[in-house]
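*Asks:*
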Amino acid sequence: LVDCTGVDAGVRAEAGVLRGPRGAVAYAVMAHFDDADLRARLAVRDALGVVGLDLLEHVH
Numbered sequence: 157l158v159d160c161t162g163v164d165a166g167v168r169a170e171a172g173v174l175r176g177p178r179g180a181v182a183y184a185v186m187a188h189f190d191d192a193d194l195r196a197r198l199a200v201r202d203a204l205g206v207v208g209l210d211l212l213e214h215v216h
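If you want it as structure tokens, here you go:
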């Protein structure tokens, strides 16, 4: 895994390369949201976690 994560008010972004026994994938994910809204922040965190799990399933 090689990755770079960026965080700013209302923005979460990550890009990287992930390798596993079944293959490799390059990815980039970005989300923009209302940082003052706790629900929005938690929803973005959860959504990015789902993307991460999907990537792991793809390569393992």
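Taken in order, the sequence shown gives residues 157 to 216; the numbers are from our numbering.
The beta carbon of each residue, even a glycine, is placed where N, CA and C say it ideally should be.
Computed from a prediction, not measured in an experiment: that's the story for all the values here.
In or out: residue 200 buried (at least 16 other Cβ within 10 Å) or exposed?
*Replies:* Taking the first residue of the sequence shown as position 1, residue 200 is located at position 44. It counts as buried.
*Asks:* Exposed or buried, residue 239, counting other C-beta atoms within 10 Å across all chains shown (16 or more means buried)?
*Replies:* In the structure as shown, the chain begins at 157 and stops at 216. Residue 239 is therefore absent and cannot be evaluated.
*Asks:* Hey, how far is the Cα of residue 185 from the Cα of residue 197?
*Replies:* Along the sequence shown, read from residue 1 onward, the residue named residue 185 stands at position 29. Along the sequence shown, read from residue 1 onward, the residue named residue 197 stands at position 41. Going by the C-alpha atoms only, they are around 15 Å apart.
*Asks:* Is the beta carbon of residue 163 less than 8 Å from the beta carbon of residue 174?
*Replies:* Taking the first residue of the sequence shown as 1, we reach residue 163 at position 7. Taking the first residue of the sequence shown as 1, we reach residue 174 at position 18. No.
*Asks:* So, with DSSP's three-state summary, where would you put residue 168?
*Replies:* To locate residue 168, count along the sequence shown from 1; it is residue 12. For residue 168, the secondary structure class from DSSP, reduced to helix, strand or coil, is strand.
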